[in-house]
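Going by our numbering, the sequence shown opens with residue 3, and the numbers climb by one from there. A virtual CB, placed ideally from N, CA and C, is assigned to each residue, including glycine.
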Amino acid sequence: QVQLVESGGGLVQAGGVLRLSCAASGRTFSGYTMGWFRQASGKEREFVANIRWSGGRTSYAASVKGRFTISRDNGKNTVYLQMNSLKPEDTAVYYCNARCLSGLSDYWGQGTQVTVSS
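Right, here's the structure in full:
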């Protein structure tokens, strides 16, 4: 059974930093893209960043490029989202996602709240 468990959310002031972690278990993820999405209150879930488990190719939403960094630790089966220079508009529930490159498998974590105060 695949499990994605996020941690690291919290309350931070604008300009601050947070690092989110996503511990993945239940299968090997070598053929997967691991991603972070977020959903602010009253808005649709949106893409933040992703990384290919094999090779480490990354992609970012324009709104976070240059401020957020996604990475993974293969040995720990964990994906990270380093968030710097946080803004109030970054406030949202952040979700970890694992998506098979074929698109046939798609898994989500339970989410972790990030709140940035002005």
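Boundaries of the beta strand (DSSP E) in which residue i is found, first to last residue
i, result
"A94", "94-102"
"G37", "34-41"
"N52", "48-54"
"A26", "20-27"
"T114", "114-119"
"Q1", "What is shown of the chain runs 3 to 120, which leaves residue 1 out entirely."
"L13", "12-15"
"F31", "From DSSP, F31 is part of no beta strand (DSSP E); its letter is neither H nor E."
"R74", "70-75"
"S107", "Looking at the DSSP string, S107 is not in any beta strand (DSSP E), and its letter there is neither H nor E."
Buried/exposed call for residue i, threshold 16 Cβ in 10 Å
i, result
"E48", "exposed"
"N76", "exposed"
"E8", "buried"
"A64", "exposed"
"R40", "buried"
"G12", "exposed"
Inter-residue Cα distance where the pair is residue i and residue j
i, j, result
"L106", "T80", "22 angstroms"
"K67", "V116", "18 angstroms"
"G10", "G113", "10 angstroms"
"S2", "G33", "Because the chain is modelled from 3 through 120, residue 2 falls outside the range shown and cannot be assessed."
"P90", "L103", "33 angstroms"
"M36", "N86", "20 angstroms"
"Y96", "A42", "9 angstroms"
"L88", "W38", "16 angstroms"
"K78", "V14", "27 angstroms"
Spatially closest choice to residue i from the options, by CA coordinates
i, options, result
"R29", "V4, Y109, G44, V118", "V4"
"A51", "F31, L22, S119", "L22"
"A94", "V118, S73, C24", "V118"
"A25", "C98, D108, Y62", "C98"
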